[in-house]
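Below: one structure, written as structure tokens.
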Amino acid sequence: MSVSHPLLVSAQDGDGAIPIRFVQAGGVLDGAARRWGDRHGFDGKPGQLLVVPDADGEIGQVVVGAGATFDPMSVRGLSARLPGGLYRLEVAAQDAELATLAFLLGAYVFDRYKARPDRTPVRLVAPDGVDVAEISRIAAACALAREMVDTPAADMGPLQIETIAREIAEKADAEITVTTGDALLEDNYPAVHAVGRAAAPHRAPRLIEIGWKLDRTDLPLVALVGKGVVFDTGGLDLKPAAGMRNMKKDMGGAAHALALGRLVMQADLPMRLVVIVAAVENAVSADAFRPGDILNSRKGLTIEIGNTDAEGRLILADALTRAGEHQPDLTLDFATLTGAARIALGPELPPLYTDDEALAAGLLAAAGQVRDPLWRMPLWPGYRGALDAEIADLRNDPAGWAQAGSVTAALFLQKFAPTTGAWGHMDIFAWNPRARPGYPEGGEAQALRACFQYLRTRFC
């Protein structure tokens, strides 16, 4: 990846950049800008944008309504609304880094399958003091996760996820191992194999593991785990058409784990790193796993299948167990795991589950710092009984009396999570269900920036 984002220009090359000013509600504009604002009803409300011409009829400045207080993430919506050209942000020094990143996040466009009209790009001069390389890396990590989620399942199968993982490992001089198809049984990943075995041979299930700096035993070890269900039909418990429509995004956890892993390695954070992704397609065929089946798991716990559409937790069971074998100091997993999380918190606020108070406090603080929201949810022990099964160690579909589907899914994962260090689980949506400036409908990176901020704060 280039050092600088293609839309980010260094300060020394920023001559002639158009200033973007942010005005609070009721704020005062000067001279011609005030008269122009009065003519166009500009009063500083959030989202208002005023393009002010200069004496020659060119764009002299842009004024943006900031409401009562300026939110740096509001800059995310500017790229799609501004005429092409070179701009500079007039923001306070403490807001410059986050506002610049917001601009780059808002400039994301997925154009693999649809040509976009040619237009002069909207570029930004990097404010003084902003680490251009780091901002560019973070924006690129979010773009990678979004591009993977946006890509249809036909072009983002288990093999394509493996290919991306190999490219990441190669560029970072990291080790990578991939266990595919029936070799999953030989290497003791029975739940991953069971969920993915119904797919076509060229879309066989696989367990992907990247290891970085593993020989540096003086450094702490962090494990990142991602759910990579490239398409979820629901299996034999088939989803309805509406529920299946966007299931290309069910590999969003894998996309986040790989993107965050790449970001950590590019930033050369002082840690050892293991990235583990289980990539499968939950398909329907004569070999599909069935309701009532008893699956083995890498940990040795048996799992009774009550619903084949609760498959993500099954592959994560094996992946988390494998992570625990490395004895990590910290494990973070990402998964588009439950619809119940959306019912509880909606599409924009991912729940965080952890039984470690320090990790919860650190992640929530980091989320607030970089405006990448998380909300802690309880690992409520009273619902553990909903996972009890009559003829197996546990069931994958919690008993209905517990109702809290996102909580019980997290409690299921907790049984397989590493015990040598803190563990955090993020039940992400990885999707914008509605288009708005800076947030096109489609793939979204959630909790990725918060986790990176936490890692660099804790370990640097």
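In this note's numbering, the protein residues as written are 458 to 917.
Note that CB positions come from ideal geometry on N, CA and C, so glycine has one too.
If you're wondering where the values come from, they're calculated on a predicted model, not measured in any experiment.
| Query | Result |
| --- | --- |
| Proximity below 9 Å, CB of Thr788 to CB of Gly881 | yes |
| Phe971 (DSSP reduced to helix, strand or coil) | Outside the modelled stretch of the chain, which goes from 458 to 917, sits residue 971, for which no answer is possible. |
| Beta-carbon spacing of Asp607, Arg569 below 9 Å | yes |
| Per-residue DSSP class, three states only, for Asp612 | helix |
| Contact belief for Gly862 with Thr795 at Cβ below 8 Å, rounded distance in angstroms | 5 Å |
| Boundaries (first-last residue) of the beta strand (DSSP E) holding Tyr911 | Note, Tyr911: premise wrong, no beta strand (DSSP E); alpha helix (DSSP H) at 905-916. |
| Straight-line Cα distance separating Arg545 from Gly471 | 8 Å |
| Where Ala856 falls: helix, strand or coil (DSSP) | coil |
| Reference Asp845; option with closest CA among Trp832, Arg828, Thr865, Met834 | Thr865 |
| Selected residue, minimal CA-CA separation from Asp513, among Pro529, Ala631, Ala489 | Ala489 |
| Cutoff 6 Å; reference Ser459; Cβ partners in own chain excluding five residues on either side | Per-residue confidence for Ser459 stands at a pLDDT of 47, beneath the threshold of 50, marking its modelled position as unreliable; the derived number appears in the next sentence. If we look at Ser459 and ignore the five residues flanking it on each side, it has no Cβ neighbours. |
| Pro476 (DSSP reduced to helix, strand or coil) | strand |
| At least three beta-carbon pairs within less than 8 Å, the stretch 648-661 to the stretch 737-752 | yes |
| Whether Ile665 touches Thr634 by CB criterion (9 Å) | yes |
| Rounded straight-line distance, which links the Cα of Gly709 to that of Leu715 | 10 Å |
| Residue span of the alpha helix (DSSP H) that contains Trp958, given as start and end | This structure cannot settle anything about residue 958, because the visible part of the chain is limited to 458 through 917. |
| Close beta carbons around Leu816, own chain, < 7 Å, minus the five adjacent residues each side | Ala879, Gly881 |
| Distance CB(Thr557)-CB(Ile592) smaller than 9 Å | yes |
| DSSP three-state assignment for Met708, whether helix, strand or coil | helix |
| Cβ neighbours of Ile751 in the same chain (closer than 8 Å, five flanking residues each side left out) | Thr759, Ile760, Glu761, Ile762, Ile848, Ala849 |
| N- and C-terminal bounds of the beta strand (DSSP E) containing His882 | 879-884 |
| Rounded Cβ spacing between Ala823 and Thr674 (contact assumed at less than 8 Å) | So it is not a contact: roughly 27 Å between Cβ atoms. |
| Sequence-distant residues of the same chain with beta carbon closer than 8 Å to Cys917, five excluded per side | Leu726, Pro727 |
| Bridge-paired residues (DSSP) for Tyr570 | Paired residue(s): none; Tyr570 is not in a bridge. |
| Helix, strand or coil at Asp790 according to DSSP, with G and I counted as helix | strand |
| Straight-line Cα distance separating Leu562 from Pro897 | 11 Å |
| For Glu898, three-class secondary structure by DSSP | coil |
| Within the stretch 665-703, ranges of the alpha helix (DSSP H) (whole runs, at least 4 residues) | 698-701 |
| Length of the line joining the Cα atoms of Asp511 and Phe479 | 18 Å |
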